[in-house]
Amino acid sequence: MTVPESAAVEAVDVERTYDLGGVTVPALRGVSFTVERAAYVAVVGPSGSGKSTLMHLLGGLDRPSAGTLRIDGRDVSSLTPAELAQLRNETIGFVFQSFHLLARTTALDNVALPLVYRGLSARERRARAREMLARVGLEHRVDHRPNQLSGGEQQRVAIARALVTEPTVLLADEPTGNLDTATGHAVMELLERLNAESNAALVLVTHDREVAARAKRRIHMRDGVIEADEGGAA
Amino acid sequence: MRLAEAWRVALDALRANRLRSGLTMLGMVIGVGAVVVLVALGTGTKNEVESQVEGLGANLMFVVPGKVDFNSAPTASPLDTSDLNAVIRTVGDRDRVTVSLTSGETVRAGRNSTFTTVLGVMETTPKVFVRTVHSGTYLARTDVDTGRRVAVLGSKTAHVLFGDREAVGRQITIAGVRFRVVGVFEPLGQSLGVDRDTEVHIPISTAQRLFGTNRIDAFAIKAPDAESVGPLGDRVLAELRKRHPDTEFSAVTQDQILGVLADILGVLTTVLAAIAGISLLVGGVGVSNIMLVSVRERTKEIGLRKAVGAKPRDIGVQFLLEAVLLTTIGGVLGMALGVAASLITAALSPVPATVTWWSLALAFGVSAGVGIIFGVVPAQRAGRLDPVVALRTE
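Encoded structure:
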């Protein structure tokens with residue numbers, strides 16, 4: 248069903264409600280938008296605006312309560328947890344605020360981790376991870392563990408991990424949130440360069456206006472709906 | 015995820031918490047070790063008893079008056095020498111039959127004395143039972159026929175009465191009557207808890223006169239081969255019942271004795287193993303507990319793995335393998351401990367211990383099984399974790 252030229256993400260009237268002790272709390276109340284392939288989009292909004300919920304949906308970590316969400320042309324609502332996992336593995340690359348690297352595991356093996364769940368051989372995984380680490384400028388840090396790396400380096404390892412699977416969507420959740428300004432800058436430049444070099448759409452979830460301002464398009468969230476969508480084609 | 019990869023990940027996780035993994039394993043080590051040792055002791059005891067019964071001789075059968083069961087009191091024997099002659103006729107070979115008339119008596123030599131079992135027997139006894147004379151000779155047929163006052167001493171009795179001096183040819187008294195020692199037995203050890211080295215054998219005719227009776231307590235008969243034990247016993251019983259219509263007789267074969275003993279000791283071994291199994295169970299609960307802690311501690315890792323594409327099954331398998339690895343490594347160490355303890359016990363104490371392959375295989379299987387059973391719940395819990403919630407955990 249995957250149409251090669253489908254949009255990276257297509258959301259139509261997406262709703263997400265949470266059931267908190269019998270009370271239904273709406274987090275997303277009918278959100279529609281499209282993210283084209285290789286696009287560069289920032290999702291901005293204050294806490295409670297629904298941007299985290301949106302990010303979880305875009306990342307295939309969660310499914311909408313109502314509406315249609317297509318990631319890489321596949322309707323997420325109909326997928327089982329195992330199928331969702333495979334979808335994440337094949338089409339999503341995550342970059343988190345707190346890096347989420349496995350401690351006690353080298354940079355190389357951290358980057359190779361997603362490929363483990365593709366059933367690739369260790370040799371192939373390492374070769375690809377090494378190549379990816381070189382692309383983020385960490386070829387000299389391959390055998391270092393996270394606690395031997397600076398924050399910026401850790402985030403670059405995380406970025407390499409996100410891109411080693413050649414995803415359709417690179418989903419970055421406050422990627423500079425734990426970094427100082429200069430390092431944050433460098434990380435943003437790296438993300439932007441990789442976005443330009445690859446076919447992966449970069450979706451940036453942030454409440455940092457300065458960071459958001461770098462994106463070509465900004466989706467403003469407030470109270471579970473899109474308040475404004477500036478700079479986008481759609 | 016490939017299985018080999020999952021094993022590696024599980025091993026890494028155990029290594030990361032060496033002390034905790036070690037302590038959890040210890041529970042399994044002790045449980046499996048206890049099973050192996052106790053089964054070894056049970057098996058060793060059973061083998062020992064069986065070899066003692068078999069050591070009496072082959073194809074044996076004992077014919078006694080009365081019923082041999084737990085409800086019946088011993089029956090006063092109506093058997094006498096005429097029955098002996100009838101039994102010999104029925105068996106068709108005097109060398110295959112012997113008798114016993116048993117009494118506890120004081121045996122004296124000079125100032126030394128001992129109270130021991132004195133058996134009135136026939137000269138055929140060494141042909142029926144395995145019994146060898148160390149020095150001198152055994153009783154002769156003429157001793158039995160003429161009621162001579164001669165005796166063959168067990169090795170311990172000979173030692174008590176004469177120390178290191180030669181006993182053969184010397185005088186002793188049994189119940190105050192003078193006897194001449196003609197032989198001393200080879201040491202035999204215990205059979206079923208009875209010390210065979212204190213026995214004193216005298217001719218049956220002499221014993222009857224000494225004890226003032228014509229009685230014979232029991233017959234022991236050696237069949238030519240295993241198949242004829244049963245039929246021969248039936249023929250002897252029929253003859254005796256014809257001669258004593260009012261008395262019941264029983265023929266107990268060696269196999270029956272072995273069977274009863276094997277049953278009892280088999281139950282004993284099973285009970286011991288079951289008791290040890292309880293500690294395995296406790297070890298398993300410990301594994302389960304630690305795995306639940308491990309799942310909770312590594313929630314973030316689970317969330318991350320799921321985010322990059324781990325399926326619920328991948329995560330479940332990873333934690334299940336971790337539990338199985340814990341219990342099987344513990345199990346193997348426990349087997350080593352159990353084997354070592356069994357060998358040491360067997361070497362340093364009179365308690366026999368025989369390690370059997372099946373108990374090792376069982377112990378290994380059980381420890382892997384414990385890992386699976388007690389790992390399933392934590393593994394399922396890990397597999398079902400919501401990645402959104404897991405990633406948010408700090």
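Those sequence lines, one after another, are chains A and B.
Numbering (the numbering used here) for the first sequence: 248 to 481.
Numbering (the numbering used here) for the second sequence: 15 to 408.
Even for Gly, the Cβ is constructed at its ideal location relative to N, Cα and C.
Given the structure is predicted, the values throughout are model-derived calculations rather than measurements.
Q) Going by DSSP, what residues sit across from Glu257/A in a beta bridge? A) Note: Glu257/A sits in a beta bridge opposite Thr281/A and Arg317/A.
Q | Residue closest to Thr415/A, alpha-carbon to alpha-carbon, out of Val291/A, Glu337/A and Pro328/A | A | Glu337/A
Q. DSSP state of Gly244/B, grouped into three classes?
A. helix
**Q.** Under the three-state DSSP convention, the category Gly340/A falls into
**A.** strand
Q. Roughly how many angstroms lie between the CA atoms of Leu55/B and Ser356/B, to the nearest whole one?
A. Take the alpha-carbon of Leu55/B and the one of Ser356/B: they are about 7 Å apart.
Q) Which chain B residues are close to Asp476/A, counting only those with a beta carbon under 8 Å from its beta carbon? A) Ordered by position in chain B, no residue passes the 8 Å Cβ test against Asp476/A, which lies about 25 Å from the chain.
(Q) What does the Cβ neighbour count give for His387/A, buried or exposed, with the cut at 16 atoms within 10 Å? (A) exposed
(Q) By the three-class DSSP mapping on this structure, what secondary structure does Phe143/B have? (A) coil
Q | Interface residues of chain B facing Tyr550/A [CB-CB closer than 7 Å] | A | Chain A is shown only over 248 to 481; residue 550/A falls outside these bounds and no answer can be derived.
Q) Does the beta-carbon distance from Met75/B to Leu340/B come in below 9 Å? A) no
Q | Separation of Lys60/B from Val49/B, as counted between CA atoms | A | 16 Å
Q | Alpha-carbon spacing of Ser312/A relative to Ser279/A, whole angstroms | A | 14 Å
Q) Does the beta-carbon distance from Pro326/B to Gly397/B come in below 9 Å? A) Contact flag set, yes.
Q) If you measure from the beta carbon of Gly306/A to each beta carbon in chain B, is any gap under 9 Å? A) Chain B contact via Cβ: present.
Q) Near Thr353/A, what residues of its chain come up, given a Cβ to Cβ distance below 8 Å and the 5 sequence neighbours on each side ignored? A) Val389, Asp390, His391 and Arg392, listed in sequence order.
Q: Helix, strand or coil for Gly306/A, going by three-state DSSP, please let me know.
A: coil
(Q) Using DSSP's beta-bridge definition, name the partner residues of Asn126/B. (A) According to DSSP, Asn126/B bridges with Ala123/B.
(Q) Could you tell me the alpha carbon to alpha carbon distance between Val191/B and Pro201/B, rounded to whole angstroms? (A) 26 Å
Q. Going by C-alpha distance, which of Val331/B, Val195/B and Ser91/B is nearest Ala123/B?
A. Val195/B
Q. Roughly how many angstroms lie between the CA atoms of Gly36/B and Thr284/B, to the nearest whole one?
A. Distance between the alpha carbons of Gly36/B and Thr284/B: 29 Å.
(Q) Determine whether the beta carbon atoms of Thr130/B and Thr212/B lie at a separation below 9 Å. (A) yes
Q. Where do the ends of the beta strand (DSSP E) carrying Met468/A lie?
A. Arg464 to Arg469
(Q) Between Phe188/A and chain B, is any beta-carbon pair separated by less than 9 Å? (A) Any question about residue 188/A goes unanswered here, given that chain A covers just 248 to 481.
**Q.** Contact check, Leu405/B vs Leu308/A, beta carbons under 9 Å
**A.** yes
Q: Assuming Met468/A and Glu474/A form a contact by the criterion Cβ under 8 Å, report the distance between their Cβ atoms to the nearest whole angstrom.
A: That belief holds up - the Cβ atoms of Met468/A and Glu474/A are roughly 7 Å apart, short of 8 Å.
Q.
Determine, for Gly36/B, whether the minimum Cβ-Cβ distance to residues of chain A falls below 9 Å.
A. no
Q. What residues in the region 308-320 of chain B have a beta carbon less than 9 Å from any beta carbon of chain A?
A. Shown in chain order are the members of the region 308-320 of chain B whose Cβ falls below 9 Å from a Cβ of chain A: Lys314, Glu315, Gly317, Leu318, Arg319 and Lys320.
Q: Kindly give me the distance between the Cβ atoms of Val266/B and Val82/B, rounded to whole angstroms, as I take these residues to be in contact under 8 Å.
A: The distance from the Cβ of Val266/B to that of Val82/B is about 6 Å, consistent with a contact at the 8 Å cut-off.
Q: State yes or no: is the C-beta of Leu441/A within less than 9 Å of the C-beta of Arg372/A?
A: no
Q: Quick one: using the 10 Å Cβ neighbour count with 16 as the cut-off for buried, is Gly268/A buried or exposed?
A: exposed
Q. Sorted by chain position, which residues of the same chain lie with C-beta nearer than 8 Å to Phe315/A's C-beta, five sequence neighbours on each side aside?
A. This sequence places Thr at residue 315/A; Phe is not what is there. Closer than 8 Å at the Cβ level, and outside the excluded window around Thr315/A, lie Glu257, Ala258, Val259, Asp260, Val261, Asp322 and Ser324.
Q: Enumerate in chain order the residues of its own chain whose CB-to-CB distance from Val250/A is below 6 Å, with the five nearest sequence positions on each side excluded.
A: Low confidence applies here, because Val250/A scores a pLDDT of 48, under 50, leaving its location unreliable and the question unanswered by this model.
Q: Verify the CB distance criterion: does Ala374/A have a CB-CB separation below 9 Å to chain B?
A: For Ala374/A, the answer is no, since every Cβ of chain B falls outside 9 Å of its Cβ.
Q: Might you give, ordered along the chain, the residues of its own chain that have their beta carbon closer than 6 Å to the beta carbon of Ser373/B, omitting 5 neighbours on each side?
A: Val50 and Val53
Q. Could you check where the alpha helix (DSSP H) with Ala407/A kicks off and where it finishes?
A. Note, Ala407/A: alpha helix (DSSP H), Gly398 to Leu410.
Q. Assuming Val243/B and Asn73/B make a contact with CB atoms under 8 Å, what is their CB distance in whole Å?
A. 5 Å
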